Every structure is written in C-alpha cells, then in structure tokens.
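Reading through the structure tokens given below for one structure.
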Amino acid sequence: MKVLQRLNFFILLVLILFTSYIRYFTDFYIFEDRSLLDALLISLFIIFLAYVINSLAGNLILRRVSTARDRYTLRKTVSILVTVLAFASLFAIWVERTSTLLIAYGILSAGVAIALQDVLRNLAGGILIILSRPFKAGDRIQIGDSTGDVLDIGSFSTAIMEIREWIDADQYTGRILHIPNSFALNQTIKNYTRDYSFIWDEVRILLIYGSNWKKAEEIALQTAGPVVEEFERLAQTELLLMGEKYFTTTYDVKTQLYTKLQENWIEMRLRYVVAPRKRRAVSHLLTTNILEALEKEEDIMVGTAVGIDFMNSPEKGHNFII
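Residue numbers (the UniProt record's numbering): 1 to 322.
Here's what the structure looks like:
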C-alpha cells in the first residue's frame, strides 16, 4: 500500500511539473489564451493537495488514535470530506460564468445526473452514513434480506460479512456482500449492536400432556440461570445507560418462561437475553442442559403426543420419547 501511495504521489508531481513547464516555458497553446492550461494546472494541484492532506491526516490519526475502530471511522470521514471539497473545487474551476455555457453545462449536468443517478444516490447515502452514523464498522446489521457484520463503509457501497442465508443460525456463510449505499436513503437499517449490544432469544420446549410441567418450569429456569446470568448483568447495565438517551419502557432483562397449551402438547418458551454473536452457542448449551435435566425426571416427558403415538405404533416396535 505504501509503495502504491508513493507511486501515485510521484505521478501527480510529474504531471504538475510537466504542465507547469508547458505553461510557462514553451509556446504551446490550444486556444488564444492559456486559460485551459491554467485550469488544468490548478486542477492537478488541487488533486495533489487533496492527496497530501488525506495522507497526512491518515498518518496523524494512526499515531494519535488508539482504537482500530475509531481510527477507521476518522480516516473514512476525512477521506470523504476531502474528496467532496476537491470535487467542488474542480467544478468551480471548470464551469465558466457566461450565460451560454451555464445553460449548456446545466443541460449537460442534468443529463449526467439522470445517467448517474444510482451513483449519486450511493454517494449521498455514503455521506449520510458517515454523518448520521446509523452503524459503524464492526456492527451487526440487517438491510432488507441481507444480514451480517460490517467490514467496510465505502463512499458508494458497504461491505458486510454475511450470516444466515443457507446457514440456519447467526453464523458466517463466508460470503462478503457489497450493498450500494443508496439503502440509507429509503430502507430500514436494523442494528443488533449499536447503543444496546444484546438481543432477546427463546428456547422452545415441548412436553406431553400429563407431564409435571411445574417441575419442568423450575428445572428450565434453574438450568438457564448459570448460563445467562452474566449476560443479564451486562444487559441490565447497558439498558440503564440507554435510558439516558432514549425513552425506554422497561428495564427488565430477567430470564422468563412462558407456557402455552397446544393441541397435542404443552409448549414452554424460555426467553433470555444474549449477545448477538453468541446466540447459537448459548441456545445450544441451554437446549442440551435442559434436555439432560428433564430426561432424569420420570414424570416429565419431552415431545408431542403425535410423536409418542407414532414411536409406540406396532409397526415401529420401539418405545421412544422424542
């Protein structure tokens, strides 16, 4: 990367020197005056200056900012601001003030805007993301049907490491998605980790009618306690802090169990708070621990009446509890 930066720096410097030589030390010209060469020379100097400012700011941020996430955000912000200012300066240089050319440039600009409307929308979305910060690098977000962890926020697109899709859980698929930034203008951005870095999840437990469901509830809650108590403590602290910024209606993150009667079984749902990136691991741990605890009880049968009847049928010749 440093070699490429030095090469770009060298190329820009050579172009400036070459244009300066033609402008001031030769008789070469295209029109009656040398306004075109002057504009070209100033444009090259602006690009060179923007490149130098961006490089110096990046090096300064690298030395002064300690955390990688803050370094990334600041460098992206400076890069976009410098780019916008450079484009504005170039536009001011190359647009003449005569009415005829203004009309021509207006028509041309309208045509370019129509032809490049998607590009301009993506650029506007990128600026909006940097200014409003609905998410930052490292956040887990969902945009439409795409969900993943933000890897990079560019001027025109956002790169995320995808989760779910054909994977039946919140784990990586291995694909990197590049989503045009225009989504920031008209789509809902679902952030799993900003301001509050926990989510609620549920484990579903099915019991046969006749099971001791009260004992099953106690076992499920006692088993879940040691697994999720640390998440509860941290989530409670964050929720109280979030109440200073947002109007929150509850501060309860305690693990709860809800029971519902179905046609052929008793359904219990264990609701608990967990970190998004540990959702599958915690769900697996809770499920296995609860199953092991319930299997030790003779008066608790896990499964559905339909499943029991099927496994006890003469054709099967077995007696299983599912």
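We put the CB at the ideal spot given by N, CA and C, even for glycine.
Computed from a prediction, not measured in an experiment: that's the story for all the values here.
Tell me which same chain residues have a C-beta within less than 7 Å of the C-beta of E32, skipping the five on either side of it?
Caution applies to E32, whose pLDDT of 48 falls short of 50 and renders its modelled position unreliable; the value that the coordinates give is listed next. The answer is none, since no qualifying residue turns up.
Restricting to Cα atoms, I'd like to know which of A88, Y51, S89 and R279 is closest to V78.
Y51
Determine whether the beta carbon atoms of Q171 and R280 lie at a separation below 8 Å.
The answer is yes: Cβ separation under 8 Å.
Proximity to L41 [Cα-Cα], best of Y21, N181 and N54:
Y21
Bridge partners for M268 per DSSP, in chain order?
I205 and T259
Which of the three DSSP states is assigned to L297 in this structure?
With the sequence shown as reference, residue 297 is identified as Glu, and Leu is not the correct amino acid for it. Here E297 sits in coil by DSSP.
DSSP three-state call for W200: helix, strand or coil?
Correct three-state label for W200: strand.
If contacts are defined as beta-carbon pairs under 8 Å, then I130 and I61 qualify, I think. What distance do you get, rounded to the angstrom?
With a Cβ gap of about 15 Å, I130 and I61 do not count as contacting.
Can you tell me whether DSSP reads N181 as helix, strand or coil?
In the three-state reduction of the DSSP assignment, N181 falls in the coil class.
Please classify S211 as buried or exposed, where buried requires at least 16 neighbouring CB atoms within 10 angstroms.
Around the beta carbon of S211, 16 or more other beta carbons lie within 10 angstroms, which makes this residue buried.
Using the Cα positions of V150 and F10, report the straight-line distance between them to the nearest angstrom.
34 Å
So, with DSSP's three-state summary, where would you put G225?
helix
With DSSP run on the structure shown, which of helix, strand or coil describes E162?
strand
State yes or no: is the C-beta of I16 within less than 8 Å of the C-beta of F48?
yes
Rounded to a whole number of angstroms, what is the C-alpha to C-alpha distance between L261 and I205?
12 Å
Check the C-beta distance from V228 over to V274 and give it rounded, since I have them as a contact under 8 Å.
Indeed, because the Cβ distance is near 7 Å, the residues count as touching under 8 Å.
Residues near E165 by beta carbon distance below 7 Å, same chain, minus five either side
The beta carbon of E165 lies closer than 7 Å to those of T173 in the same chain, with the five residues before and after it left out.
With N122 as the anchor, note down where its beta strand (DSSP E) starts and where it stops.
It is not in any beta strand (DSSP E) - N122 instead sits in the alpha helix (DSSP H) that spans Q117 to S132.
Start and end of the beta strand (DSSP E) containing S146?
S146 to I153
Quick one: what's got a C-beta closer than 7 Å to R175's C-beta in the same chain, skipping five residues either side?
Around R175: E162.
To the nearest angstrom, how far is it from the Cα of I53 to the Cα of S43?
Rounded to the nearest whole angstrom, the C-alpha separation of I53 and S43 is 15 Å.
Does any heavy atom of the ligand FAD sit closer than 7 Å to the C-beta of F198?
The ligand FAD is not among the ligands present in this structure, which contains no ligands whatsoever.
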